[in-house]
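Taking numbering that gives the first Met the number 0, the leading residue of the sequence shown gets 0, the next gets one more, and so forth. Backbone N, C-alpha and C fix where the C-beta goes; we use that ideal spot for every residue, glycine too. Encoded as structure tokens, the structure appears first; notes follow it.
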Amino acid sequence: MTSSTRKLNLNVGINTTGYLPNAWKYRTGSRHDINDPGYYRGLTELAHRGLFDAVFFSDHPALMTDPKGRPFHTIDPLILCTALAAQVPDIGFVATMSSTYNSPYNLARRTQSTDIMSGGRLIINIVSSFNPSVAANFGSAPLPPRSERYARAWEFLDVTKKLWSSWDPARDGQIPEDQFWDASSAHAIDHAGEYFSVKGPLNVPLGPQGHPVLAQAGASEGGIDLAARHGEIIYCNILSRPAGQAFGKKVRDRAVAFGRDPSGIRIVPGLVVILGDSREEALRKHELFSGAGSEDGLLARFIKEHNIDPEGFDPDAVLDAERFIPNPNRIQAVGMGLGLSDLLTHERLTARQAVRRAEGNHRLVLGTAEEVADAIIDLWADGTVDGYTLQPPRAPDDIQEFIDKVIPILQDRGVYRTRYEERTVRERYRLPYPF
Ligand SMILES: Cc1cc2nc3c(=O)[nH]c(=O)nc-3n(C[C@H](O)[C@H](O)[C@H](O)COP(=O)(O)O)c2cc1C
Numbered sequence: 000m001t002s003s004t005r006k007l008n009l010n011v012g013i014n015t016t017g018y019l020p021n022a023w024k025y026r027t028g029s030r031h032d033i034n035d036p037g038y039y040r041g042l043t044e045l046a047h048r049g050l051f052d053a054v055f056f057s058d059h060p061a062l063m064t065d066p067k068g069r070p071f072h073t074i075d076p077l078i079l080c081t082a083l084a085a086q087v088p089d090i091g092f093v094a095t096m097s098s099t100y101n102s103p104y105n106l107a108r109r110t111q112s113t114d115i116m117s118g119g120r121l122i123i124n125i126v127s128s129f130n131p132s133v134a135a136n137f138g139s140a141p142l143p144p145r146s147e148r149y150a151r152a153w154e155f156l157d158v159t160k161k162l163w164s165s166w167d168p169a170r171d172g173q174i175p176e177d178q179f180w181d182a183s184s185a186h187a188i189d190h191a192g193e194y195f196s197v198k199g200p201l202n203v204p205l206g207p208q209g210h211p212v213l214a215q216a217g218a219s220e221g222g223i224d225l226a227a228r229h230g231e232i233i234y235c236n237i238l239s240r241p242a243g244q245a246f247g248k249k250v251r252d253r254a255v256a257f258g259r260d261p262s263g264i265r266i267v268p269g270l271v272v273i274l275g276d277s278r279e280e281a282l283r284k285h286e287l288f289s290g291a292g293s294e295d296g297l298l299a300r301f302i303k304e305h306n307i308d309p310e311g312f313d314p315d316a317v318l319d320a321e322r323f324i325p326n327p328n329r330i331q332a333v334g335m336g337l338g339l340s341d342l343l344t345h346e347r348l349t350a351r352q353a354v355r356r357a358e359g360n361h362r363l364v365l366g367t368a369e370e371v372a373d374a375i376i377d378l379w380a381d382g383t384v385d386g387y388t389l390q391p392p393r394a395p396d397d398i399q400e401f402i403d404k405v406i407p408i409l410q411d412r413g414v415y416r417t418r419y420e421e422r423t424v425r426e427r428y429r430l431p432y433p434f
């Protein structure tokens, strides 16, 4: 049952200690939490109390080994989601999975299985992976070039979708006494392509959503193509309204160019919120959780991150957007860099202003609960975005604070649910049934 009125969709990231690498020093909890299933159950139950659409796991199948930083990806997200779905009702689960380091048959089978076991609450965030440490865990071959990763991802999702729809028991005809089932309800896909040769059918039937909802992250040209062809929820970096409208239009226009109805696309960027009883207090917390220690520290980090010559750099001069357009062949995700250049393309900002607009490449909103609620509703109300994936600096602390202080305001304003109504995440995002 899909609710008629458009509501704000909110996911919450629950990777290990929270999104900001340095903030683990200021959170409630122990270092052992990051590998404790009970800890993730607690975060999911907390998110359930906040009536979030889904908990979100980004992923890199590689252990980050910087002793000063906390590992951000540990237990396999799909296994964690499967276990948590059996323990916590209603809430959805986003598991990030790579199209470069998985096989279509295994991914299709495992994700359809989890979607059936969760009653239609699974979202898969497809990434083509950009981290060389991940490549090193899957053979001696270096990370393939971006263009090849996306060409593979394109075929990967074509095959996966064919597999997901290859066995539909609902099409069973009259079954004679001596037969167990109508095998004609399953069909081979006989796929033979550049990267994959897969016979099928899948040995897991259609699930409650047809197939899990497909999210996608990556905003280079190859990423936009993949989003436009297959993405239902687009996880991205949008730092302002004009940048968001330009991004949304680009993806939807590309979808139309591929002959796809763009009404089945939801734009759900990342969002970092830092709350304070005043804006001043929130600014100080930003300096602490970011590890920068002060505004000068934030500026020093900005100069370092963008390889700016500090000699003569004026943090109060308007930044030249061209200077920040990411090299399309860089190793790091292009989409994560486009956030800032798109912001500066549409807004004249100094470095001192820009360092307060993004954290970890995602939009940063800091201030009182009222100011934060205003900023969230602002880009949602006119359709620039359909919702946000909240990336809390600290888990559980900043999830708890957001639930206590911001959710009640969003509910009072009538933009956010007051109880779970829909059964599946596809209904919750008002996405069409795929088959
Ligand atoms: C907002 C965002 C989140 C991403 N999250 C992940 C992730 O969790 N794991 C991962 O391997 N890649 C992630 N990526 C990068 C994707 O892997 C992407 O497919 C590609 O490698 C590079 O992205 P690009 O198309 O933006 O250059 C993310 C990209 C964006 C823009």
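DSSP state of residue i mapped onto helix, strand, coil
| i | result |
| --- | --- |
| Thr263 | Correcting the residue type first, residue 263 is Gly in the shown sequence and not Thr. Residue state, collapsed to three classes: helix. |
| Gly290 | coil |
| Phe301 | helix |
| Gly41 | helix |
| Gly359 | coil |
| Gly28 | coil |
| Val54 | strand |
| Thr349 | strand |
| Met0 | Confidence is the limiting factor: at Met0 the pLDDT is only 47, short of 50, which leaves the residue's position unreliable, though a coordinate-based value still follows. In this structure, Met0 counts as coil in the three-state DSSP scheme. |
| Leu343 | helix |
| Asn34 | helix |
| Gly12 | strand |
| Val317 | strand |
Endpoints, beta strand (DSSP E) assigned at residue i
| i | result |
| --- | --- |
| Tyr387 | 386 to 389 |
| Val272 | 269 to 274 |
| Val424 | No beta strand (DSSP E) contains Val424, which is instead part of the alpha helix (DSSP H) from 424 to 427. |
Which listed residue (the options) has its alpha carbon closest to that of residue i
| i | options | result |
| --- | --- | --- |
| Tyr39 | Ala254, Pro66, Val54, Arg48 | Val54 |
| Ser165 | Lys198, Glu176, Gln173, Ser146 | Lys198 |
| Lys333 | Leu378, Gln178, Ser127, Thr27 | As written in the sequence, residue 333 is Val, which differs from the Lys given in the question. Answer by Cα proximity: Ser127. |
| Ala214 | Gln208, Gly206, Gly230, Asn8 | Gly230 |
| Leu77 | Gly68, Val93, Pro88, Arg253 | Val93 |
| Ser112 | Gly209, Gly243, Asn130 | Gly209 |
| Leu45 | Pro431, Ile406, Tyr104 | Ile406 |
| Ser146 | Asn326, Trp379, Gly222, Ala254 | Gly222 |
| Val272 | Pro392, Asn360, Ala316, Gly206 | Pro392 |
| Phe71 | His31, Arg48, Val87 | His31 |
| Arg233 | Gly386, Ile307, Arg322, Ala291 | A small fix is needed here, since residue 233 is Ile in this sequence, not Arg. Nearest option by C-alpha distance: Gly386. |
Contact check, residue i vs residue j, beta carbons under 9 Å
| i | j | result |
| --- | --- | --- |
| Tyr100 | Asn136 | yes |
| Arg259 | Arg228 | yes |
| Leu83 | Thr73 | no |
| Val265 | Gly275 | A quick correction: the sequence has Arg, not Val, at residue 265. It is not a contact, given that the beta carbons lie outside the stated cut-off. |
| Ala268 | Gly28 | Residue identity differs from the one stated: residue 268 is Pro in this sequence, not Ala. Against a cut-off of 9 Å, the Cβ pair of Gly28 and Pro268 comes out as no contact. |
| Leu19 | Ser340 | no |
| Val424 | Asp65 | no |
| Val354 | Leu298 | yes |
| His361 | Gly338 | yes |
| Met96 | Asp157 | no |
| Arg356 | Leu162 | no |
| Leu142 | Asn130 | yes |
Open item on the list: For a minimum of 3 consecutive residues, which ranges assigned as the beta strand (DSSP E) are wholly contained in the region 83 to 151?
Closed with: Segments of the beta strand (DSSP E) lying fully in the region 83 to 151: 91 to 97, 121 to 126.
Task: Minimum length 4: unbroken alpha helix (DSSP H) runs contained in the region 362 to 408 - done: As far as the region 362 to 408 is concerned, its whole alpha helix (DSSP H) runs of at least 4 residues are 368 to 380, 396 to 404.
Task: Segments of 3+ residues assigned as beta strand (DSSP E) that fall wholly inside the region 180 to 256 - done: If we require 3 residues or more, the beta strand (DSSP E) runs fully inside the region 180 to 256 come out as 212 to 216, 232 to 234.
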